[in-house]
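Numbering (the numbering used here), first residue to last: 2 to 226. Just so you know, even glycine gets a beta-carbon here, dropped at the ideal spot from N, CA and C. The next block holds one structure in the form of structure tokens; read it before the comments.
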Ligand code: CTP
């Protein structure tokens with residue numbers, strides 16, 4: 002879906018912009034061996050990073066803990082927690098031209114991280130309470146003053162997806178939101194509904210994540226020429 006007529010720059014030429022991609026889950030440790038996390042595989046974000054590089058962008062990929070190979074020519078920053086991802090994101094976003102926020106950021110983290118293993122059995126039988134605090138919304142934090150930078154959010158909803166995705170698009174000041182089918186988790190193929198801040202709508206059915214990634218990068222390429 003590349004717009005025709007524009008030769009893409011080779012790797013030695015000036016890149017057409019700086020694309021930042023976040024991918025994978027974050028891990029929120031409560032002690033040295035236990036953490037809260039989620040099912041994200043990171044595949045969609047890695048596919049977007051590869052497609053953006055292929056389209057001639059400089060790419061920074063900020064990845065949570067995943068077992069995936071770094072796409073050729075992509076600069077990768079590995080992070081573990083949401084707070085670490087925020088720090089890396091704030092740095093990379095400064096001279097970015099676009100952000101694809103595909104990471105599944107954990108919304109909650111343990112109120113404290115213990116230096117040694119949590120010996121809750123020694124505290125007596127019965128109910129065990131783990132105190133949690135909320136993580137910041139990374140996307141909303143950086144997108145608040147995004148200026149000309151294009152921001153693409155992702156959402157996964159089990160019901161009332163369209164309305165909820167549109168609400169997130171506005172709340173997080175994104176230009177586009179990609180609504181994933183819940184069946185996409187850990188799957189090779191996926192279907193997505195892409196909603197734009199100006200009412201645009203694009204549905205992609207049953208495609209590989211690599212194919213979907215090319216269509217997502219095309220959203221910014223159309224404006225970058
Ligand atoms: N996101 C983020 N920081 C968070 C949570 C989410 O930047 N703490 C980003 C995700 O990377 C994604 C988008 O926000 O691009 C939507 O994520 P989602 O988890 O669906 O949004 P929430 O606001 O956490 O909504 P929900 O209440 O449904 O969990």
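Extent of the continuous alpha helix (DSSP H) run through residue 216: The residue labelled residue 216 in the question sits at position 215 within the chain shown. Counting along the chain, the alpha helix (DSSP H) containing residue 216 begins and ends at 210–225.
Delimiting residues of the beta strand (DSSP E) encompassing residue 99: Here residue 99 refers to the residue found at position 98 when the chain shown is read from its first residue. Residues 99–102.
Nearest-angstrom Cβ-Cβ length linking residue 18 and residue 73, presumed shorter than 8 Å: Position 17 of the chain shown, counted from the start, is the residue given in the question as residue 18. Position 72 of the chain shown, counted from the start, is the residue given in the question as residue 73. Actually they are not in contact, since the Cβ atoms of residue 18 and residue 73 sit about 18 Å apart, beyond 8 Å.
Proximity test, residue 136 beta-carbon vs the ligand CTP heavy atom, cut-off 7 Å: The count along the chain shown starts at 1 and reaches residue 136 at position 135. Flag set: Cβ of residue 136 near the ligand CTP.
Heavy atom of the ligand CTP within 7 Å of residue 83 beta-carbon: Counting from one through the chain shown, the residue named residue 83 turns up at place 82. Result yes, Cβ under 7 Å from the ligand CTP.
First and last residue of the uninterrupted beta strand (DSSP E) at residue 64: Along the chain shown, read from residue 1 onward, the residue named residue 64 stands at position 63. 59–64 is the span of the beta strand (DSSP E), which, as asked, contains residue 64.
For residue 87, three-class secondary structure by DSSP: To locate residue 87, count along the chain shown from 1; it is residue 86. Looking at residue 87 - three-state DSSP - the assignment turns out to be helix.
Alpha helix (DSSP H) runs wholly inside the stretch 113–174, at least 4 long, in chain order: 139–144 and 162–172
Spatial distance of residue 174 from residue 164 (CA atoms): For this step, residue 174 is matched to residue 173 along the chain shown. For this step, residue 164 is matched to residue 163 along the chain shown. Their Cα atoms are separated by approximately 16 Å.
For residue 194, the nearest candidate out of 200, 205, 184 and 187 (CA to CA): Indexing the chain shown from 1 puts residue 194 at position 193. Nearest C-alpha to residue 194: 205.
Residue of 121, 45 and 222 minimising C-alpha distance to residue 26: The residue you call residue 26 lines up with position 25 of the chain shown. With distances taken between Cα atoms, residue 26 lies closest to 45.
Residue burial classification, residue 222 (beta-carbon count within 10 angstroms, cutoff 16): For this step, residue 222 is matched to residue 221 along the chain shown. Looking at its Cβ environment, which holds 16 or more other Cβ atoms inside 10 Å, residue 222 is buried.
Neighbour-count burial assignment, residue 218, 16 or more Cβ in a 10 Å radius: The count along the chain shown starts at 1 and reaches residue 218 at position 217. It counts as buried.
Whole-angstrom C-beta distance between residue 84 and residue 24, which should lie under 8 Å: Position 23 of the chain shown, counted from the first residue, corresponds to residue 24. Position 83 of the chain shown, counted from the first residue, corresponds to residue 84. Residue 24 to residue 84, Cβ: 17 Å. No contact.
Per DSSP, cross-strand counterpart(s) of residue 49: Numbered from 1 along the chain shown, position 48 holds the residue referred to as residue 49. Per DSSP, none; premise fails for residue 49.
Where residue 94 falls, given that 16 or more other Cβ within 10 Å makes a residue buried: Reading the chain shown from its first residue, position 93 is the one you call residue 94. Counting Cβ neighbours within 10 Å, residue 94 comes out buried, since at least 16 surround it.
Alpha carbon of residue 135 to alpha carbon of residue 30, nearest angstrom: Here residue 135 is taken as the residue at index 134 of the chain shown, counted from 1. Here residue 30 is taken as the residue at index 29 of the chain shown, counted from 1. Looking at the two C-alpha atoms, the distance is approximately 14 Å.
8 Å Cβ cutoff met for residue 90 and residue 143: Within the chain shown, residue 90 is the residue found at index 89, counting from 1. Within the chain shown, residue 143 is the residue found at index 142, counting from 1. Yes; because the gap between Cβ atoms is below 8 Å, this pair is in contact.
Buried/exposed call for residue 196, threshold 16 Cβ in 10 Å: Residue numbering aside, residue 196 sits at position 195 when the chain shown is read from its first letter. Residue 196 comes out buried.
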